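Engineer: In order, the protein sequence lines correspond to chains A and B. Residue numbers for the first sequence follow this note's numbering, so the first one is 296 and each next one is one higher. Residue numbers for the second sequence follow this note's numbering, so the first one is 296 and each next one is one higher. Glycine included, each C-beta is placed from N, C-alpha and C at the ideal position. These numbers were taken from a predicted model, which means no experiment stands behind them. A single structure is presented below for examination.
There are 2 protein chains.
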Amino acid sequence: MSSKVTIHEVARLSGVSIKTVSRVLNREPNVKTDTRTRVQEAVAALNYRPNISARSLAGSKAYLIGVFFDNPSPAYVTDVQLGAIARCREEGYHLIVEPLDSQGDVAAQVEPMLHTLRMDGVILTPPVCDNTAVLDVLEAEGVPYVRLSPDQDLGRSAHVRMDDVRAAYEMTGHLIALGHTDIGFIKGHPDHGASHLRYEGYLQAMKEHGHAVREDHVEQGYFSFRSGFEAAERLLAGDDRPTAIFASNDDMALGVMAVANRLRLEVPQTLSVAGFDDTPGAKVVWPQLTTVRQPIQAMAAAAADLLLGGSKRGEGEAPPSRLLDFQLVVRESTGPVR
Amino acid sequence: MSSKVTIHEVARLSGVSIKTVSRVLNREPNVKTDTRTRVQEAVAALNYRPNISARSLAGSKAYLIGVFFDNPSPAYVTDVQLGAIARCREEGYHLIVEPLDSQGDVAAQVEPMLHTLRMDGVILTPPVCDNTAVLDVLEAEGVPYVRLSPDQDLGRSAHVRMDDVRAAYEMTGHLIALGHTDIGFIKGHPDHGASHLRYEGYLQAMKEHGHAVREDHVEQGYFSFRSGFEAAERLLAGDDRPTAIFASNDDMALGVMAVANRLRLEVPQTLSVAGFDDTPGAKVVWPQLTTVRQPIQAMAAAAADLLLGGSKRGEGEAPPSRLLDFQLVVRESTGPVR
DNA sequence: ATAAGCCATGACAGCCTTGTCAAGGCGAGC
DNA sequence: GCTCGCCTTGACAAGGCTGTCATGGCTTAT
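This is the structure in structure tokens:
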């Protein structure tokens with residue numbers, strides 16, 4: 296197969312200079328239409344692909360976007376990759392993935408890779424996206440970055456988020472619509488901003504519908520299965536239990552299901568359970584979990600888009616951001632109260 | 296911060312030529328020890344990092360390893376990435392991830408990226424690793440590759456595998472040791488080579504211990520939760536049911552648990568359940584699933600190692616391969632028969 | 001002592017593309 | 001008809017590093 300066709304040969308075949316081929320390749324203006332066509336034909340005929348190393352050495356772009364993560368959830372990570380790649384491919388960019396070890400000095404891990412591979416931009420996922428040391432390094436090196444679902448300091452950089460408050464609000468509304476009035480809630484890890492937002496959405500819906508929030512029916516969790524399990528044990532002890540439990544994420548909701556199972560409480564007949572995130576586990580229980588789906592791929596694609604200049608921004612303007620829609624996924628774990 | 300230190304400045308500071316710095320950087324022989332030291336000090340002092348584009352343009356290496364996948368399991372994918380990166384970083388290599396769309400013409404997707412980014416090697420995961428069209432393109436482009444857990448044509452290329460037969464053999468042995476004699480089995484997707492291997496290991500263990508394999512206690516599954524669920528419904532209907540079920544993967548095992556749950560069969564008191572793969576879901580059920588853990592990260596690291604020349608091979612020798620050890624993860628879903 | 005050979009180092013070209021700048025052609029305005 | 005300025009194109013250098021080959025010093029063998 297065509298092993299290494301250079302821009303030279305394309306130029307010769309199409310009878311123009313190298314530079315003009317370069318212009319066509321980079322979609323630059325000021326090339327006559329028929330010249331452009333001729334070059335494109337030559338490119339196709341020779342099956343020419345520009346050499347990315349030469350490009351980035353000569354020019355300013357590296358055609359590489361980095362994805363930094365340090366995320367325990369594989370499903371999240373792959374979704375981010377998939378979403379980002381989808382957008383990157385359109386522009387001929389590639390994705391470099393760099394898992395970070397949050398135990399160590401994260402910033403120290405970031406700096407060398409920024410230096411070696413001069414990436415055109417970086418996508419940061421939680422929790423790295425809230426690591427100020429990393430942000431500092433990125434800024435010092437002048438590498439543009441976009442944060443996915445950041446918790447803090449939203450104004451500091453471009454970012455993409457989902458409306459956690461409204462999602463929790465609507466999930467609570469869904470339970471209320473099913474007739475539940477005593478709805479238990481399991482909060483997420485207090486260090487995650489999303490925890491507060493989700494709790495707020497829950498409170499808001501309860502209040503708006505005039506249902507009291509019983510303090511002893513709100514438990515602190517930590518986003519883990521075990522913490523959900525333990526919270527549920529407290530919530531479901533005795534007969535004075537809620538008819539529905541809304542956990543701040545799926546893993547905890549699965550913990551609730553496990554307890555219900557143990558106590559022989561039928562889901563959803565006796566107890567409705569709702570989660571948040573739509574992790575793969577949500578479909579791997581019986582009954583399947585009602586939950587909220589974050590459009591992770593779309594969010595990552597939006598982040599890539601921001602990086603690739605989908606919206607150029609002038610000096611001094613606020614960093615761009617996008618707010619994406621969530622999706623309520625109603626499955627079998629929630630049902631009418633009886 | 297040090298924005299762009301070039302090899303030039305390192306050379307000047309250490310009082311040697313550019314070329315010598317290059318030699319030190321590439322760990323080439325024939326550099327006097329104290330020269331080497333001096334250069335290394337200068338590198339450290341200036342915080343110099345070689346520019347990867349320039350390196351790959353000038354030399355033959357691109358310092359990039361690709362990971363191609365088209366795998367439905369996020370956990371698998373991330374583990375592969377983590378394992379591969381761990382090894383790559385030691386040598387200053389980076390990872391490019393390229394999800395493939397198996398619906399389309401996979402080979403056509405592969406060719407352009409091989410052309411643009413001349414990667415030094417590619418790691419192929421199932422099922423891409425058995426796509427002959429992709430292998431053909433890779434070979435035509437002269438890009439070295441290593442396959443992870445390939446099914447077919449093992450002699451064709453370097454690969455890394457786990458001993459599925461022995462793993463299934465030992466899992467079955469574990470159940471037998473617990474006193475089970477009537478052990479049901481759910482086969483995996485017939486298109487996956489691993490399915491046959493696992494079944495074989497099961498058969499082998501049953502035979503060796505003199506236990507009959509009841510044909511009506513072996514069901515065909517397809518690696519999905521649903522197929523495991525349905526297989527279990529058949530297996531567990533009536534009183535003449537096995538005391539243990541060994542499913543060829545975790546998702547199907549979870550399906551079995553769901554049915555047991557439904558039928559109010561206590562696990563493991565009345566029914567022992569074993570899976571295979573140790574997916575995250577295995578820990579998110581109650582009781583937690585006994586399963587087999589593939590050392591995926593280690594396998595990926597071994598693949599990277601093969602690529603990075605951990606074992607150079609001479610002309611005409613067979614492609615290198617590695618066989619890694621699995622691990623039996625005994626949790627609560629299996630117990631003594633009663 | 002002389003030749004042969006190895007070791008350590010450097011000079012220089014080249015890798016393939018893009019950025020800069022200059023030049024020629026051509027239509028518009030006066 | 002002439003100047004101005006825009007559109008289109010090309011020549012050339014530059015980008016940071018490695019490969020090749022040459023150089024000189026020093027060791028080993030004769």
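Using the rule of at least 16 other Cβ atoms within 10 Å of the residue's Cβ for burial, across every protein chain shown, is B/Ile-380 buried or exposed?
Structural biologist: buried
Engineer: Please list the terminal residues of the continuous beta strand (DSSP E) segment that includes A/Thr-586.
Structural biologist: A/Thr-586 -> beta strand (DSSP E) spans 586-588.
Engineer: Here's a check: name, in chain order, each residue in its chain whose Cβ is nearer than 6 Å to the Cβ of B/Leu-409, leaving out the five neighbours to either side.
Structural biologist: Glu-436 and Val-438
Engineer: Between B/Pro-631 and B/Ala-453, which are expected to be in contact by the criterion C-beta below 8 Å, what is the C-beta distance as a whole number of angstroms?
Structural biologist: At roughly 44 Å, the Cβ-Cβ gap does not stay under 8 Å, so B/Pro-631 and B/Ala-453 are not in contact.
Engineer: In whole angstroms, give me the CA-to-CA distance for A/Phe-520 and A/Asp-620.
Structural biologist: 26 Å
Engineer: Between A/Val-372 and chain B, is any beta-carbon pair separated by less than 8 Å?
Structural biologist: yes
Engineer: Which same chain residues end up closer than 6 Å to B/Leu-566 when comparing Cβ atoms and leaving out the 5 residues on each side of it in sequence?
Structural biologist: A distance below 6 Å between beta-carbons, with the five flanking residues on each side excluded, links B/Leu-566 to the following residues of its chain, in chain order: Ala-555 and Leu-560.
Engineer: Strictly under 8 Å for the Cβ-Cβ distance: is A/Pro-590 near chain B by that measure?
Structural biologist: no
Engineer: Helix, strand or coil, according to DSSP, for B/Phe-363 in the structure here?
Structural biologist: strand
Engineer: Which residue's Cα is closest to the Cα of B/Gly-474: B/His-389, B/Ala-340, B/Thr-538 and B/Gly-354?
Structural biologist: B/Thr-538
Engineer: Excluding sequence positions up to five away, which residues of its chain have a Cβ less than 8 Å from the Cβ of B/Leu-341?
Structural biologist: Ser-297, Val-300, Glu-304, Val-305 and Leu-308
Engineer: Answer with buried or exposed for B/Glu-406, where buried requires no fewer than 16 other C-beta atoms within 10 angstroms of its C-beta.
Structural biologist: buried
Engineer: State yes or no: is the C-beta of B/Val-455 within less than 8 Å of the C-beta of B/Leu-443?
Structural biologist: yes
Engineer: Does the beta carbon of A/Asp-415 come closer than 8 Å to any beta carbon on chain B?
Structural biologist: By this cut-off, A/Asp-415 is not an interface position.
Engineer: Three Cβ pairs or more, each shorter than 8 Å: is that satisfied between the stretch 541-551 of chain B and the stretch 482-499 of chain A?
Structural biologist: no
Engineer: May I have the straight-line CA-CA distance separating A/Pro-590 from A/Asp-374, to the nearest angstrom?
Structural biologist: 9 Å
Engineer: Taking three-plus beta-carbon pairs below 8 Å as touching, is the stretch 314-331 of chain A in contact with the stretch 316-329 of chain B?
Structural biologist: No, the stretch 314-331 of chain A does not touch the stretch 316-329 of chain B.
Engineer: Return no unless some Cβ of chain A is closer than 8 Å to the Cβ of B/Ile-380.
Structural biologist: yes
Engineer: Given a cut-off of 8 Å on the beta-carbon distance, is the pair B/Val-401 and B/Ile-418 in contact?
Structural biologist: No; because the gap between Cβ atoms is not below 8 Å, this pair is not in contact.
Engineer: Helix or strand or just coil, what does DSSP make of A/Leu-443?
Structural biologist: strand
Engineer: Please confirm if A/Ser-519 has its CB atom under 8 Å from at least one CB of chain B.
Structural biologist: no
Engineer: Taking the beta strand (DSSP E) that B/Gln-622 falls in, what are its first and last residues?
Structural biologist: 622-624
Engineer: Rounding to the nearest angstrom, what Cα-Cα distance links A/Glu-385 and B/Arg-322 in this structure?
Structural biologist: 38 Å
Engineer: Between the Cα of B/Ala-598 and the Cα atoms of B/Ser-397, B/Arg-333, B/Gln-564 and B/Met-457, which residue gives the shortest distance?
Structural biologist: B/Met-457
Engineer: Does the beta carbon of B/Ile-540 come closer than 8 Å to any beta carbon on chain A?
Structural biologist: no
Engineer: Whole angstroms is fine: what's the gap from A/Leu-549's alpha carbon to B/Val-508's?
Structural biologist: 35 Å
Engineer: Let's test the definition: count the other Cβ atoms within 10 Å of the Cβ of A/Ala-527 and tell me whether it reaches 16, buried, or not, exposed.
Structural biologist: buried
Engineer: Please report the straight-line C-alpha distance between A/Gly-516 and A/Glu-525, rounded to a whole angstrom.
Structural biologist: 8 Å
Engineer: With the cut-off set at 8 Å, would you say A/Ala-569 and A/Met-501 are in Cβ contact?
Structural biologist: no
Engineer: Pick out whichever of B/His-389, B/Met-414 and B/Gly-399 has its Cα sitting closest to the Cα of A/Thr-411.
Structural biologist: Comparing C-alpha distances from A/Thr-411 to each of B/His-389, B/Met-414 and B/Gly-399 shows the shortest one belongs to B/His-389.
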